[in-house]
């Protein structure tokens, strides 16, 4: 009896040949098919009467299918039955004549190459955290948690390059920041240290993905570079914050992070909400790219709950991850395609939505001064900061953080082509992704925010004193009424 093959996964070349075999009414026993008419990895069924015999178009489609998937593991052609239609056999021969990569896996994905990835535990063992770094990380995590909960009136300021492409320049920036940090005791400074960049279409994906900025994608090198840099920054006493773009890279660097973010493109992702529920540091969710805050509020609720999901361990093994939920979550207002949302009305509307969703929690809002709120013009960031400072001076308690894209020098640049010198020809201290303000401008922006926080603190203190005085007056009035 002739058979046809019903694949449960993309077809192997042997299965393709078996399909061609089915075009004949009869063929002798095939050593590649077992006694029960089954083939490893395949489901089989008897050939039904009246099944059409493949024609030339079938051969062309089969040829395309095989070449698209770079099928490997074809049985020797000397074993093929002589009664096969010559033009079909020719098509199959042509399809599999080119050698396939040993890393090709046709039974899962089409045209995929797998390269070894170092285990997280190995890198963490190789590149360790100093005692100074551990202290800086722990203190910053605790302080950020208290600020988000409304128990500390300071402001979290996540400031630094849009993305880090040069560890050396990042360390220079951190040293400048560290020198000025004592001047801003109203601020909790966290250096923005982003190694992975979500792209709307295509582009450089960050230091981890492509550390040499040349399309070579030496990810193992990038992971080492990222961890070494974070160890250096935190050893200086500068806490770091980063975006969580996938569920694997945090295993390599999360122990060094004091604050994290989920971006506008991934806030709605269940996978990222689950990831946020298990990290050991506070995390913010950006509003959607259209400016909607509801998705970020929903993400907060999801991340603060326990979850069970599939992930990987430090050993790189697949595992079921069970989390307890992360209570240190907040919203990041970053504007969107419909306009900005850093004004007082937008902040109050977001705070109201957060109170409704989580009545027992302090509404904690960080304002991103870049992206949609700057209308993608870095020169607008100081204007956004001034508006935020005005709200702080007016006593706004919901604003607990600010994000600023800053670098050694202002602006942005494209990576030069190989003919122009490539990455080696990049300007020093200038972003290669979003445009940033320079450090001199950053210093004045942070000074303005620090002063505004202190005004808010004094206002709150005065309001508290007035409230206590009012309580005492009311109590005295009650006591006087009760006296005989």
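Numbering (mature numbering (1 follows the signal peptide of the UniProt record, and there is no 0)), first residue to last: -25 to -1, 1 to 459.
Quick reminder that beta carbons are idealized off the backbone N, C-alpha and C, glycines included.
| Asked | Found |
| --- | --- |
| May I have the straight-line CA-CA distance separating residue 129 from residue 292, to the nearest angstrom? | 41 Å |
| What are the boundary residues of the alpha helix (DSSP H) that includes residue 155? | 142 to 155 |
| Whole-angstrom Cβ separation of residue 370 and residue 431, contact assumed at under 8 Å? | 6 Å |
| Flag this pair as touching only if the segment 409 to 425 and the segment 108 to 128 have three or more C-beta atom pairs under 8 Å; answer yes or no. | no |
| Give the straight-line distance between the Cα atoms of residue 203 and residue 407, rounded to the nearest whole angstrom. | 21 Å |
| Tell me whether residue 381 is buried or exposed, calling it buried when 16 or more other Cβ atoms sit within 10 Å of its Cβ. | buried |
| Where are the beta strand (DSSP E) runs, 3 residues long or more, that stay fully inside the segment 374 to 423, in chain order? | 374 to 380 |
| Measure the C-alpha to C-alpha separation of residue 383 and residue 270 and round it to an integer number of angstroms. | 34 Å |
| Evaluate the contact criterion for the segment 215 to 224 versus the segment 157 to 174: three or more CB pairs, one atom per stretch, below 8 Å. | yes |
| According to DSSP, simplified to helix, strand and coil, what is residue 299? | coil |
| Just the Cα atoms here: how many angstroms apart are residue 125 and residue 376? | 11 Å |
| State the Cα-Cα distance for the pair residue 160 and residue 421, rounded to the nearest angstrom. | 11 Å |
| Tell me whether residue 194 sits in a helix, a strand or coil according to DSSP, three-state version. | helix |
| Would you mind reading off the limits of the alpha helix (DSSP H) that contains residue 100? | 95 to 101 |
| Residue 87 and residue 379 - do their beta-carbons sit closer together than 9 Å? | no |
| Determine the direct distance from the alpha carbon of residue 395 to that of residue 311, and round the result to whole angstroms. | 35 Å |
| Less than 9 Å between the C-beta atoms of residue 95 and residue 287, yes or no? | yes |
| Is the number of C-beta pairs between the segment 189 to 209 and the segment 97 to 107 that are closer than 8 Å three or more? | yes |
| Looking at the strands, I want to know which residues DSSP matches up with residue 258. | 235 and 304 |
| For the beta strand (DSSP E) holding residue 167, just list the boundary residues, first then last. | 162 to 167 |
| So what does DSSP say about residue 249, is it helix, strand or coil? | helix |
| For the alpha helix (DSSP H) containing residue 365, name the first residue and the last one. | 356 to 368 |
| Within the continuous beta strand (DSSP E) that includes residue 325, where are the two ends? | First-last for residue 325: 319 to 332, but that is the alpha helix (DSSP H), not the beta strand (DSSP E). |
| Determine contact between the segment 313 to 325 and the segment 236 to 247, defined as no fewer than three beta-carbon pairs at a distance below 8 Å. | no |
| For the 8 Å Cβ check, are there 3 or more pairs between the segment 294 to 312 and the segment 250 to 264? | yes |
| Which residues mark the beginning and the end of the beta strand (DSSP E) in which residue 135 is found? | 130 to 135 |
| Report the option in 140, 181, 209 and 190 whose CA atom is closest to the CA atom of residue 221. | 181 |
| In terms of residue numbering, what span does the alpha helix (DSSP H) encompassing residue 343 cover? | Per DSSP, residue 343 belongs to no alpha helix (DSSP H); it is in the beta strand (DSSP E), 340 to 343. |
| Going by DSSP, what residue range makes up the beta strand (DSSP E) through residue 269? | Unbroken run through residue 269 is the alpha helix (DSSP H), 269 to 278; no beta strand (DSSP E). |
| Let me make sure I understand the geometry here. Which of 428, 438, 439 and 440 has the alpha-carbon closest to that of residue 122? | 428 |
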